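Peer 1:
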Amino acid sequence: MGAFIAKMLLPTVSSLVFLPTASVAAKRGFHMEAMVYFFTMFFTAIYHACDGPGLSILCFMRYDILEYFSVYGTALSMWVTLIALGDFDEPQRSTMTMFGVLTIAVRIYQDRWGYGIYSGPIGSAVFIITVKWLQKMKQLRAVYPEKTVYTQQVGPGCCFGALALMLRFYFEEWDYAYVHSFYHLSLAVSFVLLLPKKNRYAGTGENAAKLSCFTLCCCVRSTYTHYRNPAIMRLSVISSKSKMSLFQSILYWGAIQRRFMRCVSLQW
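Going left to right, the sequence shown walks through residues -15 to -1, 1 to 253 as mature numbering (1 follows the signal peptide of the UniProt record, and there is no 0) numbers them.
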């Protein structure tokens, strides 16, 4: 019986692997990416906990909302990681990031389990990065970026990413608990490998931007409190019953996301 319960809790526990990933991202100066990883870890863990024995008390949101944010956070993590790998200048970087935030939200609302939820962001990001790097190679008449980026970041990171997607879509029926847990692990390792070693926009020395665990926890708490606002809860009910469910749901989920991002920016 104990082994069965441990197996049921394994996907929840394995979701916490995104916490070290967020820590590594914050240490390298990628604070926005760290927030996305933490967001993914939080909702993925709660979502799997709702499936576990005796943990339904943790379901502070409706199950379908937790499911949405779990898948959305994972797809968004892939997008922001690849955009960070591309090392774009501003305002292209922020523009493409926001483009991914909006389009992924709509795409996942339509279908949360199809191949397109991940292949779309990955394919688009790879295409954008390829065009940018080829332009740089043409200008410099040399390999761009350095060969070590391909051998130490792109190659291993893509291998772990491909492994994660294979486990997710082709092997979960073997043993869901173990396979899905290895999927979480492979995905987290892929993010760490693909993320550049340093964010050149983060500053250096005393001017370096910092993101603390206290900030993230406070923002999650603030987001949860905001969700309990009666007006937001009424919007949730409308989202589930109205004929305009897509539009209302985008407003509802967007309100929570904006609350979280605004909280972090104020903490800085």
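Cβ coordinates follow ideal geometry from the N, Cα and C atoms, glycine included.
Computed from a predicted model, the values in this text were never measured in an experiment.
Just to confirm the assignment: which complete alpha helix (DSSP H) runs, minimum length 4, are found wholly within the stretch 17 to 102?
Peer 2: 48 to 71, 77 to 95
Peer 1: Contact check, V174 vs F145 under 8 Å by CB: the rounded distance?
Peer 2: 5 Å
Peer 1: Beta-carbon within less than 8 Å of P141's beta-carbon, same chain only, minus the 5 sequence neighbours each way: which residues are those?
Peer 2: L178
Peer 1: Could you check what DSSP says for W159 in three-state terms: helix, strand or coil?
Peer 2: coil
Peer 1: Check whether the stretch 22 to 32 touches the stretch 4 to 11, counting contact only when three or more Cβ pairs, one atom from each stretch, lie closer than 8 Å.
Peer 2: yes
Peer 1: Where does G14 fall in DSSP's three states?
Peer 2: In the structure shown, G14 falls within a coil segment according to DSSP collapsed to helix, strand and coil.
Peer 1: Please classify K183: does DSSP put it in a helix, a strand, or coil?
Peer 2: coil
Peer 1: Suppose you measure from the CA of F84 to the CA of L61; what does that come to, to the nearest Å?
Peer 2: 11 Å
Peer 1: Within the chosen definition, does the stretch 76 to 94 reach the stretch 126 to 135 through at least 3 CB pairs nearer than 8 Å?
Peer 2: Not touching, per the Cβ criterion.
Peer 1: Which residue wins for smallest C-alpha separation from T66, given the options Y48, S109, M122, D36?
Peer 2: S109
Peer 1: Taking the alpha carbon of S166 as the point to measure from, which residue in L(-7), S(-2), D36 has its own alpha carbon closest?
Peer 2: S(-2)
Peer 1: How many angstroms separate the CA atom of L172 from the CA atom of F156?
Peer 2: So the two alpha carbons sit approximately 15 Å from each other.
Peer 1: Does DSSP put R153 in a helix, a strand or coil?
Peer 2: helix
Peer 1: Would you identify the three-state DSSP class for Y212, choosing helix, strand or coil?
Peer 2: Because the pLDDT of Y212 is 49, which lies under 50, any placement of that residue in the model is unreliable, and the question is left without a value.
Peer 1: Determine whether the beta carbon atoms of Y103 and T136 lie at a separation below 9 Å.
Peer 2: With a cutoff of 9 Å on beta-carbon distance, Y103 and T136 are scored as not near each other.
Peer 1: DSSP on A127, reduced to helix/strand/coil?
Peer 2: DSSP places A127 in coil when its eight states are reduced to three.
Peer 1: Under 9 Å, do Y32 and Y48 count as touching if we go by C-beta distance?
Peer 2: yes
Peer 1: With 16 as the cutoff for other CB atoms within 10 Å, does residue 320 come out buried or exposed?
Peer 2: Any answer about residue 320 is impossible in this case: the structure gives the chain only from -15 up to 253.
Peer 1: Within 10 angstroms of its Cβ, does G14 collect 16 or more other Cβ (buried), or is it exposed?
Peer 2: buried
Peer 1: What does a CB cutoff of less than 7 Å around T(-4) pick up in its chain, not counting 5 residues either side in sequence?
Peer 2: A30, H33, A34, G37
Peer 1: Rank L180, N184, E75, L170 by C-alpha distance to the C-alpha of L1 and give the top, closest one.
Peer 2: L170
Peer 1: Which residues in the same chain as L152 place their Cβ atom closer than 7 Å to its Cβ, once the five residues preceding and following it in sequence are excluded?
Peer 2: V164, F167, Y168, S171
Peer 1: Rounded to whole angstroms, what is the Cα-Cα separation between F112 and R78?
Peer 2: 15 Å
Peer 1: In angstroms, rounded to a whole number, what distance separates the CA positions of R92 and W64?
Peer 2: 13 Å
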